[in-house]
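Accompanying notes for the structure given below.
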Amino acid sequence: MKKIKAIIFDVGGVLTLGKKPSLREGRYHNLGVHEYVVKKFKVLLDQYLDAIDTSYAQAIVGEISKEKVVKILAKNFKTTPRKLEKIYIKAYRKNFKQNKQLFKQAFKLKQLGYKIAILSDQWHLSKEALMPNKNYKKFSPVIVSCDFAVKMRKPNPKIYKLTLKKLKLKPSECIFIDNQKWNIESAKKLGIKTILFKSNNQLFKNKLWRGLWG
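What the sequence shown shows, in my numbering, is residues 97 to 310, in sequence order.
Below you can see the structure in the form of structure tokens.
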């Protein structure tokens, strides 16, 4: 087996965790955010999801700018762009917390000589709330789906290839950690080593992870 040289981390559900246990896993880990926003704008959840659907889908792959998506959603919810942005940032920060234990482990791995990278699907407002520069400046590269230079999301194989290109490494030299099975499967098909994240305890017991520490 080739020597592992880089660990690629997802953000939502890995480096940030839902504060409520029920929000930590699965497709609906953003539900708490949506429920918070719904209450603030006094609309039904279904109406809210319909109102954000197209704009959110475009924003997460960088097809529209932060300014444009905020303007569209502010109009849909009859509020100001500034107020809408403030509510979303608060909603994300209220429902998610940093996985401090995993951050510490990632930085220790960097000290051991490994590259540590980020590969995450975010739209502009979740990125602003969950990915402050001070927490992620030690990671390189930081590949985020909504960024202008990326404009694609997992499980598109091209986003993994972009990450590998930035790392200047072969697939077999990297471990990708994500909490969604479909993202893991896509990476695995390219030859990247993978770990499906469920909890810190589960990750730290994983054979691939343990092998990083010598």
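Ideal placement from N, C-alpha and C gives every residue a C-beta, glycine not left out.
Please work out which residues of its chain come closer than 6 Å, Cβ to Cβ, to residue i, disregarding the five sequence neighbours upstream and downstream, and give them in chain order.
i: L221; result: Y184
i: R123; result: Below a pLDDT of 50, predicted positions are generally treated as unreliable, and R123, at 45, falls in that range; no measurement from the model is reported.
i: K247; result: V157 and G158
Within the same chain, show all residues whose beta-carbon is closer than 8 Å to that of residue i, passing over the 5 residues directly before and after it, in chain order.
i: V134; result: L140, L141 and Y144
i: A380; result: Summary: the structure shown does not reach residue 380, with the chain confined to residues 97 through 310, and so no result is reported for it.
i: Y152; result: V165 and W219
For residue i, write down the residues that DSSP places opposite it in a beta bridge.
i: F105; result: I214 and I273
i: Q194; result: T112
Give every residue of the same chain whose Cβ lies closer than 7 Å to the Cβ of residue i, excluding the five residues on either side of it in the sequence, and list them in chain order.
i: T259; result: I104, A213, L215, P237 and I239
i: R306; result: none
i: N302; result: I291
i: L304; result: I271, K289 and I291
i: F203; result: K234
i: E51; result: Residue 51 lies beyond the residue range present for the chain, which begins at 97 and ends at 310; the question has no answer from this structure.
Can you tell me whether DSSP reads residue i as helix, strand or coil?
i: I255; result: helix
i: L127; result: helix
i: T175; result: coil
i: I100; result: coil
i: G122; result: Note that G122 has pLDDT 46, beneath the 50 cutoff, so the model's placement of it is unreliable and the number below is only indicative. Coil.
i: L292; result: strand
i: S151; result: helix
i: L263; result: helix
i: E159; result: coil
Assuming residue i and residue j are in contact, meaning their beta carbons sit under 8 Å apart, how far apart are those beta carbons, in whole angstroms?
i: I291; j: I100; result: Incorrect: roughly 11 Å between the Cβ atoms, too far for contact.
i: S241; j: G158; result: 7 Å
i: P253; j: L299; result: Not a contact, Cβ separation roughly 24 Å.
i: D106; j: I255; result: Contact doesn't hold; Cβ gap of about 12 Å is too wide.
Quick check: is any heavy atom of the ligand MN less than 7 Å from the C-beta of residue i?
i: S161; result: Questions concerning the ligand MN fall outside what the structure shown contains, since it holds no ligand whatsoever.
Verify the CB distance criterion: does residue i have a CB-CB separation below 8 Å to chain B?
i: S151; result: The question asks about chain B, but that chain is absent: this structure has only one protein chain.
Ordered list of alpha helix (DSSP H) runs contained in the stretch 200-251, each at least 4 residues: 220-226 and 229-232
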